[in-house]
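My numbering numbers the first residue of the sequence shown as 4 and each following residue consecutively. Positions of the beta carbon are idealized from the N, C-alpha and C atoms, including for glycine.
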Amino acid sequence: MFRKIAREAVIFMLAGMVLSAVAVFMYSYRDQAQHIRVERNALKTTCDAMTQAQAQAEAARQRVEVDLNDLEKCVAFNGATKIKITKIDLAYADALAEGIRIKNLNVNVSDCGLAGGVGGGFGFVGGVGVWLFYRLVRFAIKG
């Protein structure tokens, strides 16, 4: 009799652990992918609004300083030809690095796996709670 009850408890704990681990892994993966999509869309919006030819023509006509930060992010993201700049400054290098960083963003599967493992531990404990509830309901119905 006790073996049957223990077997039920272990089944509930393991099922809770597996379901919870998979759910947390999928949620973490989706969250990271959504974050990457938001960053890339923000950069694409900036790049669509300002092409390199428009920026050069506007700077030549109106002698207005082009925002190199946005332009270089676009250059790094799209792989377009770089604008010739006589003075290389820190803002230029930072913008180029930021564009490359956004272009190379990937979902970190090891972080998702770690989150899934931790979530599986909570699911293991949750499985015990579900099993206890199951036993209480069964006792109330069958006696």
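Using CA atoms only, rank isn't needed, just tell me which of the options is closest to residue i.
| i | options | result |
| --- | --- | --- |
| Lys-7 | Gly-146, Ala-143 and Trp-134 | Trp-134 |
| Gly-19 | Gly-123, Val-41 and Ile-144 | Gly-123 |
| Ala-45 | Met-4, Ile-105 and Arg-141 | Ile-105 |
| Val-110 | Arg-141, Tyr-137, Val-21 and Ile-39 | Ile-39 |
| Glu-42 | Arg-138, Ala-24, Ala-143 and Gly-102 | Gly-102 |
| Met-29 | Val-112, Ala-100, Leu-108 and Met-4 | Val-112 |
Using a Cβ-Cβ cutoff of less than 6 Å, which residues in the same chain neighbour residue i once the five nearest sequence positions on both sides are dropped?
| i | result |
| --- | --- |
| Gly-146 | none |
| Val-27 | Ala-118, Gly-119 and Gly-122 |
| Met-16 | Phe-127, Gly-130 and Val-131 |
Going along the chain, which residues of its own chain have a beta-carbon closer than 8 Å to the beta-carbon of residue i, five neighbours each way excluded?
| i | result |
| --- | --- |
| Thr-89 | Because the pLDDT at Thr-89 is just 45, under 50, the model does not fix this residue reliably, and the value given afterwards should be weighed accordingly. Once the five neighbours on either side are set aside, Thr-89 has no close Cβ partner at all. |
Enumerate in chain order the residues of its own chain whose CB-to-CB distance from residue i is below 7 Å, with the five nearest sequence positions on each side excluded.
| i | result |
| --- | --- |
| Val-128 | none |
| Glu-11 | Trp-134 |
Anyone know if the C-beta pair for residue i and residue j falls short of 8 Å?
| i | j | result |
| --- | --- | --- |
| Gln-37 | Cys-115 | no |
Does any residue of chain C have a CB that is nearer than 8 Å to the CB of residue i?
| i | result |
| --- | --- |
| Ala-26 | The chain labelled as chain C is not found in the depicted structure, where only one protein chain is given. |
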